[in-house]
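So that you can map any letter, position 201 of the sequence shown is 207 in the working numbering, and since no number is skipped, the others follow by simple counting.
Think of the CB as a built atom: it goes at the ideal place given N, C-alpha and C, for glycine as much as any other residue.
Values in this document were obtained by computation on a predicted structure and should not be read as measured data.
Worksheet: one structure, shown below.
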Amino acid sequence: MLPLLLLLLLSAPLQAEDRPPVLSLDREQLSQITQEDSKAREIIRRADRVRAPDKPFRYTLTLTEHKNGRDLTEKQQVLDISMRFYKPDEQREKGEARALVRFVSPVRDKGKVLLSDLDKMWYFAPELRRPIPISRQQRLLGQVSNGDVVAADFDYSYVSTLLGTEACNETKCYKLSLTRRWPSVPYPAITYWVEVGTYYPQQIDFLSTEGRLIKRSRYLNYTDALGVMRPATIIVEDALRKDNWTTMTYSDLMLESLPESYFQKDYLSRGSQ
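Structure representation (structure tokens):
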């Protein structure tokens with residue numbers, strides 16, 4: 007449903023990521039962002055509304071790794087995610103791009119919490135004394151990283167260009183090229199296919215600085231969720247090993263506005279209870 011986290015989280019060193027000094031989703035800063043291709047921005051914004059509601063919401067995300075043709079159900083992870091993901095408009099001076107991720111299963115992961123606030127991310131586990139900053143590039147499971155689990159703001163994070171239209175998945179898609187604005191954005195470049203007419207995301211290729219394919223996400227199983235057709239499944243494929251992929255399954259989408267205090271770093275130790 008949405009684009010938009012673990013034991014493997016600790017497989018890489020935990021560290022603060024490079025980031026610009028200040029980022030915010032206020033109307034003034036967004037208006038100053040240079041966006042040369044207005045048509046590309048319109049397509050991305052419409053696709054964003056397919057991926058995620060423009061009101062605070064909550065959903066369940068199930069991650070299942072597939073390796074060498076086998077489903078690794080013993081490694082399956084279930085996450086409870088609350089998000090505030092919207093841009094400023096006529097009624098709102100300031101937008102938000104925050105997510106609170108609570109680990110549901112397996113049992114060994116209960117009590118772990120992740121907080122994403124635009125360009126920053128913190129992690130807390132019961133064995134830690136306090137939340138620690140982490141990188142969006144660190145993996146949760148298989149090819150899935152922290153940055154993949156929460157809905158990305160492609161409009162804000164990337165400069166986009168419409169390359170044209172082409173056939174994709176038995177339909178016709180806009181093909182867009184995206185280049186990151188900030189060093190903190192997880193992927194240097196993206197090629198994005200969005201269905202013409204419906205603005206349904208179809209496929210995203212995540213690229214290195216040299217343009218090499220890192221991984222590919224495919225959006226599948228569009229179903230009605232809160233009155234909008236949204237993808238219930240995202241397949242994240244390993245670009246180097248075609249027999250390895252991770253399935254992200256979205257369910258139980260609902261509108262829910264948690265208190266502002268829940269999206270603060272100091273809440274994480276309490277939110278893990």
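Span of the beta strand (DSSP E) holding residue i?
{"i": "V200", "result": "A195 to E201"}
{"i": "N74", "result": "Here N74 belongs to no beta strand (DSSP E), and DSSP marks it neither H nor E."}
{"i": "F269", "result": "Element bounds for F269: n/a, residue is neither H nor E."}
Going along the chain, which residues of its own chain have a beta-carbon closer than 7 Å to the beta-carbon of residue i, five neighbours each way excluded?
{"i": "K221", "result": "Q149, F212, V242, E243, D244 and A245"}
{"i": "S163", "result": "R186, R187, W188 and V191"}
Would you call residue i buried or exposed, if buried means 16 or more other Cβ atoms sit within 10 Å of its Cβ?
{"i": "M235", "result": "exposed"}
{"i": "M260", "result": "exposed"}
{"i": "R55", "result": "exposed"}
At what residues does the alpha helix (DSSP H) containing residue i begin and finish?
{"i": "G153", "result": "N152 to V155"}
{"i": "S141", "result": "Careful: S141 lies outside any alpha helix (DSSP H) and carries neither H nor E."}
{"i": "S163", "result": "F160 to S163"}
Once the 5 residues before and after residue i are set aside, which same chain residues still bring their CB inside 6 Å of it?
{"i": "T68", "result": "V84 and T255"}
{"i": "I49", "result": "Y180 and V200"}
{"i": "R52", "result": "Y205"}
{"i": "V110", "result": "V84 and D86"}
{"i": "E176", "result": "none"}
Run through DSSP, which three-state label would residue i get?
{"i": "Y206", "result": "coil"}
{"i": "A53", "result": "helix"}
{"i": "E48", "result": "helix"}
{"i": "D244", "result": "strand"}
{"i": "R114", "result": "helix"}
{"i": "D123", "result": "strand"}
{"i": "A58", "result": "coil"}
{"i": "R218", "result": "coil"}
Against chain B, with Cβ distances strictly below 8 Å, would residue i count as a contact?
{"i": "M260", "result": "Included in the structure is just one protein chain, with no chain B present."}
Tell me which residues share the same chain as residue i and place their Cβ nearer than 8 Å to its Cβ, disregarding the 5 neighbours each side in the sequence.
{"i": "K45", "result": "L168"}
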